[in-house]
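To start, the structure itself, in structure tokens.
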């Protein structure tokens, strides 16, 4: 009796699996396991096979699009398919040219260097990257003043894979040096349904088709969000039901999380409500919206706005953001005729 109680004691210390470990566990390792982005997969299968046949490193690749769509996953898949190692860093982490030199000199022939959020790479570091990408060499300045001299370090032929959520912030000289530039788009519900089913199998979560589909339809086109919602709905089903994710349990859990049928959460609705209720539908500047809802401008622009734009709920205009008929109907149920002229002429 005591042994059984000890095994089920919730206070017993156990190894906790954090979100990073779970994401790694759910990450596909091969192109055939990667769900969605069919055109992108087909292109990379050709690029990779051609590079392997020639015995060369893959061309440098730039992947861009909203967060959570699989840019990092695709970089690891490229390394697996090419049979090479991958080193991972991020733009803000590479503060000085010396940091970049350390990363590049540690690479072997054909290896992949993955830099996430490359648009935040310091300018001085970026300029060192040009020669590394084109000539596979680094020119290092030794000493200062009259004694200064340049030493050239030869690098192995490597592949630089970069990811960004803000492609517009990447300088033209850097962008022009990538041989492959591809965008990842939001996933339709049918593909997210397959991702949720796959993740449920890996995590040994019981979920029927209707429950998985409910999660997929509220995941705002993003696999990372789908996997996160799956884990949260699992918690709800475990505590409130018999542990099986059905359509009813998924719906109840997502309603409790304040995620509506289109995948909009509380912050999305606050953004729309601010434009509609406080500023009569707009136009209103991004800085004003950020101040009202207490969120960072960059977060609104890179995390929340892309999906609202995808749904057609807001318009970007020279004067600011405006709510559309769809936003009004989603939040209010109707589009007020008396403000229709204001919404489309800027309120003048």
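In this note's numbering, the protein residues as written are 1027 to 1374. In this text, a Cβ means the ideal position worked out from N, Cα and C, and glycines have one as well. Model, not experiment: these values are computed from the prediction.
Can you give me the C-alpha to C-alpha distance between residue i and residue j, rounded to a whole angstrom?
i	j	result
residue 1268	residue 1275	10 Å
residue 1139	residue 1279	40 Å
residue 1055	residue 1201	27 Å
residue 1309	residue 1340	10 Å
residue 1330	residue 1081	42 Å
residue 1247	residue 1253	12 Å
residue 1057	residue 1110	15 Å
residue 1180	residue 1163	4 Å
residue 1134	residue 1346	49 Å
residue 1257	residue 1338	29 Å
residue 1353	residue 1316	18 Å
residue 1104	residue 1250	19 Å
residue 1089	residue 1050	19 Å
residue 1344	residue 1328	18 Å
residue 1358	residue 1069	43 Å
residue 1060	residue 1305	43 Å
residue 1292	residue 1322	16 Å
residue 1284	residue 1226	22 Å
residue 1128	residue 1115	12 Å
residue 1075	residue 1219	29 Å
residue 1409	residue 1333	An answer regarding residue 1409 cannot be provided, because it is not within the stretch 1027 to 1374 covered by the chain.
residue 1235	residue 1222	10 Å
residue 1259	residue 1198	44 Å
residue 1097	residue 1154	24 Å
residue 1160	residue 1083	13 Å
residue 1156	residue 1230	46 Å
residue 1314	residue 1326	12 Å
residue 1087	residue 1053	20 Å
Let's test the definition: count the other Cβ atoms within 10 Å of the Cβ of residue i and tell me whether it reaches 16, buried, or not, exposed.
i	result
residue 1142	buried
residue 980	Within the shown structure, residues of the chain are numbered from 1027 to 1374, placing residue 980 beyond reach of any answer.
residue 1131	exposed
residue 1356	buried
residue 1183	exposed
residue 1374	Low confidence applies here, because residue 1374 scores a pLDDT of 38, under 50, leaving its location unreliable; read the following figure in that light. The residue in question, residue 1374, is exposed, as its Cβ has fewer than 16 Cβ neighbours within 10 Å.
residue 1167	exposed
residue 1245	buried
residue 1158	buried
residue 1136	buried
residue 1065	exposed
residue 1239	buried
residue 1320	exposed
Could you spell out where the beta strand (DSSP E) holding residue i opens and where it closes?
i	result
residue 1208	1206-1209
residue 1186	1185-1190
residue 1167	1163-1168
residue 1347	1346-1349
residue 1114	1112-1116
residue 1216	Unbroken run through residue 1216 is the alpha helix (DSSP H), 1215-1228; no beta strand (DSSP E).
Return the first residue and the last residue of the alpha helix (DSSP H) that residue i is part of.
i	result
residue 1242	1235-1243
residue 1090	Taken as a continuous stretch (DSSP letters only), residue 1090 belongs to no alpha helix (DSSP H), being part of the beta strand (DSSP E) at 1087-1090.
residue 1142	It is not in any alpha helix (DSSP H) - residue 1142 instead sits in the beta strand (DSSP E) that spans 1138-1142.
residue 1072	1064-1080
residue 1319	1312-1319
residue 1297	1292-1299
residue 1201	1198-1201
Please work out which residues of its chain come closer than 6 Å, Cβ to Cβ, to residue i, disregarding the five sequence neighbours upstream and downstream, and give them in chain order.
i	result
residue 1091	1209 and 1210
residue 1145	1190, 1192, 1195 and 1196
residue 1371	Reliability of the predicted coordinates at residue 1371 is poor, the pLDDT of 46 falling under 50, and the value obtained from them is presented with this limitation in mind. Taken in chain order, the list of residues that qualify is empty.
residue 1237	1271, 1272, 1273 and 1276
residue 1101	1140 and 1187
residue 1213	1062 and 1247
Near residue i, what residues of its chain come up, given a Cβ to Cβ distance below 8 Å and the 5 sequence neighbours on each side ignored?
i	result
residue 1085	1073, 1077, 1185, 1204, 1205 and 1206
residue 1418	Since the first residue of the chain shown is 1027 and the last is 1374, residue 1418 is not available in this structure.
residue 1094	1248, 1249, 1250 and 1251
residue 1176	1165, 1166, 1167 and 1168
residue 1282	1262
residue 1031	For residue 1031, the predicted structure reports a pLDDT of 37, less than 50, and the residue's modelled location is therefore unreliable. A value from the coordinates is still provided. Once the five neighbours on either side are set aside, residue 1031 has no close Cβ partner at all.
residue 1255	1241, 1244, 1245, 1280, 1283 and 1285
residue 1336	1212 and 1247
residue 1003	This structure does not reach residue 1003, given that the chain is present from 1027 up to 1374, and the question cannot be answered.
With respect to 8 Å, is the separation between the Cβ of residue i and the closest non-hydrogen atom of the ligand HEM below this value?
i	result
residue 1232	Absence of the ligand HEM from the depicted structure is noted, as is the absence of any ligand whatsoever, leaving it without description.
Short of 7 Å in beta carbon distance, which residues of its chain neighbour residue i, apart from the five on each side in sequence? Order them along the chain.
i	result
residue 1232	1269, 1270 and 1271
residue 1217	1061 and 1062
residue 1318	1300 and 1304
residue 1071	1057
residue 1289	1244, 1245 and 1246
Of all the CB atoms in chain B, is at least one closer than 9 Å to the CB of residue i?
i	result
residue 1357	The question asks about chain B, but that chain is absent: this structure has only one protein chain.
Using 8 Å as the cut-off, can you tell me whether the stretch 1257-1273 makes contact with the stretch 1286-1306, which would need three or more C-beta pairs spanning the two stretches below that distance?
no
Meets three-Cβ-pair contact criterion under 8 Å: the stretch 1141-1156 and the stretch 1109-1124:
yes
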